[in-house]
Every structure is written in C-alpha cells, then in structure tokens.
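Notes to accompany the following structure.
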Amino acid sequence: MLVIEKEAKFKYCPLLKTHDDKMKFCQGTMCMMWRATDAETGYCGLAGTPVALAANR
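Just so you know, we're using our numbering here: the sequence shown kicks off at 3 and counts up by one.
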C-alpha cells in the first residue's frame with residue numbers, strides 16, 4: 003500500500019515495540035525498510051512491493 007509518509011507515521015510497525023510489548027508507530031524514512039517512490043510517498047518494504055508498483059514495471 004502506497005502512503006504519504008505523514009500518514010505512515012500513524013500506522014503501527016510490527017517490528018518496533020516498547021519494553022512492555024506495546025507496538026510503536028512507523029518511523030517512515032528513518033527506517034531501513036521504508037522504500038520511497040517519490041518525495042512524499044513510499045511503502046514498508048517488509049511486506050514486499052505493492053501491486054500498484056509491480057504492475058507498472
């Protein structure tokens with residue numbers, strides 16, 4: 003799913019957890035798994051390439 007980074011920062015990341023196992027929010031461009039498609043949008047590379055991008059290749 004392609005999202006704007008500002009929107010992604012309000013989605014939970016399955017890899018980031020606090021010391022008491024609560025999930026943290028997405029870090030966007032500060033994460034190694036974030037894949038930018040242009041200046042504002044991108045996606046989490048953990049789930050693979052989104053269908054919208056794969057169809058354009």
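Even glycine gets a Cβ: it sits at the ideal position worked out from N, Cα and C. Since the model is a prediction, treat every value here as computed from it, not as a measurement.
query	result
Measure the beta-carbon distance from tryptophan 36 to glycine 47 and round it to whole angstroms, keeping in mind my assumption that it falls under 8 Å.	7 Å
Who are the near neighbours of phenylalanine 27 in its chain, counting only those whose CB is closer than 8 Å to its CB and skipping five residues on each side?	Lys11, Phe12, Lys13, Tyr14, Cys15 and Leu18
Compute the distance between the beta-carbons of glycine 44 and alanine 38, then report whether it is under 7 Å.	yes
So what's lysine 8 in DSSP terms, helix, strand or just coil?	helix
Taking the straight line between their C-alpha atoms, what separation do you get for proline 52 and methionine 32?	20 Å
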